[in-house]
Each structure stands twice: as C-alpha cells, then as structure tokens.
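To keep things clear, I will list the structure first and then write my remarks on it.
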Amino acid sequence: MGHELRIITNSPSETEELGFKLGRFLKANGKGTVLLYGDLGAGKTVFVKGVASAFGIAGRDIGSASFVIAAEYETSPPFYHIDLYRVEREGDIDNLGIWEYIGSGGIAVIEWAERLSEIPEDSIIVKMNFMDDSTREVIIEGIDEENWDHM
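What the sequence shown shows, in the numbering used here, is residues 14 to 164, in sequence order.
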C-alpha cells in the first residue's frame with residue numbers, strides 16, 4: 014500500500030488545491046476509489062470540489078450531497094460523488110446501488126466512508142482532521158509518493 018502522506022493545509026483554497034492535485038492523479042490513472050473520513054466541517058466537500066475541478070466540473074456543481082446520495086458526472090473517466098452522511102444503516106448502502114459505481118471503471122469519491130461495510134480494494138484513503146478554524150491535517154494513504162511528487 015505504501016506509506017501515508019501527511020499534508021497540512023492552511024485555508025479552504027489550499028484544501029481544494031490538494032483535492033485538485035489528487036484529481037489530476039486519479040484522472041491520469043483513469044480509475045479509482047477515494048474514501049473520505051473526517052468530522053462534519055473538516056473540509057471534505059471542499060476537497061471533493063478540488064478533485065472534481067481536475068475533471069472540469071465546476072465547484073458550484075458539487076454540493077454537499079446530503080440530499081443526493083450519488084451524483085454522476087459524464088466526464089472522461091466518469092466521476093461519481095457519493096455522500097453517505099444521511100445513510101443510517103449499512104444495509105441501506107447495499108440497497109442504494111452505490112457498489113455499481115465503485116470499481117466500474119470511473120472515479121468514485123465517497124464522503125462519510127465510515128459508513129461503508131467494507132473497504133473497496135485499492136482504495137485511496139483520505140483522512141481529514143480539523144486543527145483549527147483554517148488549518149487541516151490531511152493524511153492520504155494508498156498513493157505511491159513517487160507518483161504523487163510528479164503530479
């Protein structure tokens with residue numbers, strides 16, 4: 014799996030920029046699943062906006078998907094934003110059909126990944142920790158540092 018990258022961001026725009034860098038990496042790879050962990054307000058949606066921007070998706074199109082569990086974007090490769098915040102039971106997740114997005118040859122970014130019953134193979138794990146009002150610690154697992162440094 015490789016080791017983890019620990020990055021401190023000092024503003025929402027830096028968090029978004031970090032997401033953009035991950036988005037470029039995913040786009041170059043052509044497929045992947047990103048699992049986002051972090052408390053409410055940790056910056057997950059801001060991070061997703063950055064990832065999506067690498068696919069040419071406008072930030073305003075990425076809402077907190079609290080009302081839409083899965084949003085699909087017809088980019089190349091396809092981009093899926095999945096938000097499990099409102100899902101209460103693991104069984105509900107299985108009934109939502111989100112597993113069809115995962116491993117389907119597109120990029121799936123999943124907020125509130127804590128709610129998944131299992132971790133999809135070859136996932137990139139992003140943990141976001143709230144340090145203070147503007148500072149976040151972002152830990153990324155599952156990326157080879159050498160590949161990351163070339164992005």
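The beta-carbon is built from N, C-alpha and C at its ideal position, and this holds for glycine as well.
Nothing here was measured: the structure is a model prediction, and the numbers come from that model.
Inter-residue CB distance, residue i and residue j (contact presumed, cutoff 8 Å)
i	j	result
I137	G155	4 Å
K44	G118	5 Å
A65	G36	7 Å
F68	W161	Not really, about 18 Å apart at Cβ, beyond 8 Å.
Own chain partners of residue i with C-beta closer than 7 Å, once the 5 adjacent residues on each side are dropped
i	result
F143	D52, G54, A55, R149
E17	I152, I153, E154
Alpha carbon of residue i to alpha carbon of residue j, nearest angstrom
i	j	result
N165	G63	For residue 165 there is no data in the structure shown, the boundaries of the chain being 14 and 164.
A126	E159	26 Å
E29	E113	27 Å
V139	I20	11 Å
Pair within 8 Å by beta-carbon distance, residue i and residue j
i	j	result
V47	V122	yes
I95	S130	no
I120	Y93	yes
K57	L49	yes
V100	R128	yes
E124	Y98	yes
Neighbourhood of residue i by C-beta, 6 Å cutoff - its chain only, sequence neighbours within 5 removed
i	result
P91	G119
E87	none
Cβ-based neighbour list, residue i, same chain, cut-off 8 Å, excluding 5 preceding and 5 following
i	result
V61	G32, L49, I75, H94, V122, E124
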